[in-house]
Amino acid sequence: MQPTDRRAVIRTLVGGAIGLALPGCRSVLRLPPDADGEYPVSLPPVWVRPERIIRTVVGHRPYRPSGYVVRVERMGDKTIVHNYGHGGGGVSLSWGSAWQAAQLAKPTGARRFAVLGAGVMGLSTARLLQEDGHEVTIYTKDLPLDTTSAVAGAQWSPTTVADRSRVTPAFAAQFSEAAHYAYRRFQRLAGERYGIRWMPNYFLSQRPPSTGGASDTSVLATPLRMGPTRAPGENPFPGMYAQRMFTMMIEPSRYLPALLEDFHRDGGRLVLREFADASALQSLDEPVLINCTGLGARRLVNDPELMPIKGQLVFVVPQAEVQYATLGNDLYMFPRRDGILLGGTFERGVESSDPDPAQTERILSGHRQLFDAMAHVAKG
Ligand SMILES: Cc1cc2nc3c(=O)[nH]c(=O)nc-3n(C[C@H](O)[C@H](O)[C@H](O)COP(=O)(O)OP(=O)(O)OC[C@H]3O[C@@H](n4cnc5c(N)ncnc54)[C@H](O)[C@@H]3O)c2cc1C
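In terms of our numbering, the sequence shown is residues 7 to 386.
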């Protein structure tokens with residue numbers, strides 16, 4: 007059945023239900039405004055005002071133009087499985103890439119593993135090894151909430167993970183396998199405990215989008231599905247074309263502590279320790295190490311391809327009524343319980359951790375323009 011046919015049937019059914027309601031009968035079937043797949047006519051705007059800013063943060067996406075590394079290597083007495091360099095998609099890919107790393111670690115026959123790093127990649131890898139009955143110790147210089155993973159958005163959408171021109175068929179297959187595995191695994195965790203919610207994300211543009219809308223998802227296959235384009239006037243964003251995609255929003259401030267709690271509950275040990283270089287790894291007791299050090303791998307195992315992509319996020323006071331995300335014109339808005347995240351910077355090779363006031367201004371004014379236009383239409 008075509009969507010328009012389906013809508014017509016639903017309208018008929020609704021009309022029928024109302025028509026058949028007997029006098030005195032109090033229950034009348036009511037569908038929410040977009041129950042038939044239509045866009046809602048309006049959405050609550052985000053209030054972007056200087057006095058509503060609660061914090062500004064900076065993080066560095068651990069980026070490799072040819073894509074992330076999952077491979078095994080012998081280093082002195084140790085076997086080391088690398089699992090780093092996931093760019094702007096590390097949270098999304100985490101379970102899948104961790105599964106790929108675990109597949110390389112298990113044939114060593116070891117029972118005890120050292121995981122280097124306590125970001126999302128280290129925690130997920132540690133959990134998968136524990137689920138197979140192994141003993142795992144995490145060594146890390148930072149606790150989970152002090153890592154790049156804690157800065158992430160984090161929408162389930164593995165983008166900015168490789169340069170289009172550098173993607174090989176082998177990497178595309180590795181990526182696709184990880185993305186599909188992770189997408190299924192995250193769905194099992196949706197709910198309060200892990201801070202994971204399903205949400206519509208609206209991709210916005212001033213001109214009709216040429217392809218899917220999401221940046222590099224068209225070269226790297228993900229399970230996400232983009233809806234049809236709605237012209238200005240047919241969606242809640244004045245003057246904009248919009249496409250809708252449903253995906254999960256993962257809140258790092260809840261998700262990472264929950265993973266760490268699971269890790270400790272199952273007997274895992276976390277040791278705070280920084281490794282100056284690869285030779286320092288030889289002192290560890292465990293025979294097999296999984297390297298989940300993100301951008302830290304650049305120095306630790308001397309990978310010159312690894313580079314930072316600086317991202318700056320401005321948070322404004324949370325609004326419980328905002329249950330949708332937006333992305334477009336180099337800006338994005340993700341509503342979270344710890345604040346409404348306004349983002350949109352991708353500065354390749356920039357090492358500075360200082361917020362840039364000019365970027366803060368661009369992020370705020372762009373979002374204010376978008377959301378104030380919605381508020382204006384709503385007031386009529
Ligand atoms: C602004 C921004 C927005 C993002 N949005 C999203 C998003 O919406 N969706 C998404 O999927 N991804 C997003 N990302 C990307 C995501 O944050 C990263 O890909 C991911 O966090 C990488 O995880 P990781 O565990 O590999 O690295 P990290 O989180 O950086 O963890 C690395 C760990 O290794 C440890 N370590 C490093 N070096 C050493 C050493 N020498 N000795 C001991 N320990 C060491 C660190 O202490 C840390 O524990 C975003 C990133 C940024 C910056």
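We put the CB at the ideal spot given by N, CA and C, even for glycine.
Straight across, the Cα-Cα distance linking Ile296 with Asp138 is about 15 Å. Closer than 8 Å to some heavy atom of ligand 1: that describes the Cβ of Pro164.
Collapsing the DSSP output to three states places Phe352 in coil.
Under the 10 Å beta carbon count, Leu276 is surrounded by 16 or more other beta carbons and is classified as buried. Per DSSP, reduced to three states, the secondary structure at Val173 is coil, with no helix or strand assignment. Here Val383 carries a helix assignment [DSSP, helix/strand/coil]. Proximity of the beta carbon of Asp152 to ligand 1 is indicated: a heavy atom of the ligand is located closer than 8 Å.
Counted as a single uninterrupted DSSP element, the stretch harbouring Arg343 is not any alpha helix (DSSP H), since DSSP gives it neither H nor E. The segment 116-127 makes no contact with the segment 325-332; the number of CB pairs closer than 8 Å stays below 3. Non-local beta-carbon contacts of Asp309 in its own chain, meaning distances under 6 Å to residues more than five positions away in sequence, involve Ala303 in chain order. Sixteen is the threshold: when 16 or more other Cβ atoms of the shown chains lie within 10 Å of the Cβ of Ile369, as they do, the residue is buried. Secondary structure note for Ser211: its beta strand (DSSP E) is the uninterrupted segment 202-211.
Under DSSP, the beta-bridge partners assigned to Phe321 are Arg61, Leu347.
Selection Arg80, Gln136, Thr85 evaluated against Trp105 yields Gln136 as nearest (Cα-Cα). Within 8 Å of the C-beta of Gly355 there is not a single heavy atom belonging to ligand 1. When DSSP assignments are scanned along the segment 123-179, the uninterrupted stretches of alpha helix (DSSP H) that are 4 or more residues long and fall wholly within it turn out to be 126-137. For Pro234, DSSP assigns no beta-bridge partner whatsoever. For Gln288, the Cβ stays outside the 8 Å cut-off from all heavy atoms of ligand 1. Under DSSP, Leu337 shares a beta bridge with Gly334.
Per DSSP, reduced to three states, the secondary structure at Pro314 is strand.
The C-alpha of Asp378 lies about 21 Å from the C-alpha of Arg61. For ligand 1, no non-hydrogen atom lies closer than 8 Å to the CB of Pro51. In the DSSP assignment, Pro68 forms a beta bridge with Pro314.
Contact annotation, His66 with Leu301: C-beta distance approximately 6 Å; criterion of less than 8 Å satisfied.
In the structure shown, Phe252 adopts extended strand secondary structure according to DSSP, grouped into three states.
Taking the CA atoms as reference points, Thr253 sits about 31 Å from Ala111. If you compare the alpha carbons of Glu141, Arg194, Tyr261, Ala178 with that of Tyr200, the shortest gap goes to Tyr261. Less than 9 Å divides the Cβ of Gly93 from the Cβ of Ala168.
Excluding five sequence positions before and after Val383, the CB atoms of its chain that fall closer than 6 Å to its own CB belong to Pro244, given in chain order. The C-beta distance from Pro258 to Ala158 rounds to 6 Å, short enough to fall under 8 Å.
At a threshold of 8 Å, Thr62 does not count as near ligand 1, since its beta carbon sits no closer than that to any of the ligand's heavy atoms. Asn308 is not bridged by DSSP to any residue.
For Leu265, the enclosing alpha helix (DSSP H) starts and ends at 258-271. Assigned with DSSP and collapsed to three states, Leu226 falls in coil, not helix or strand. Checking the DSSP bridge columns, you'll see Asn89 partnered with Val76.
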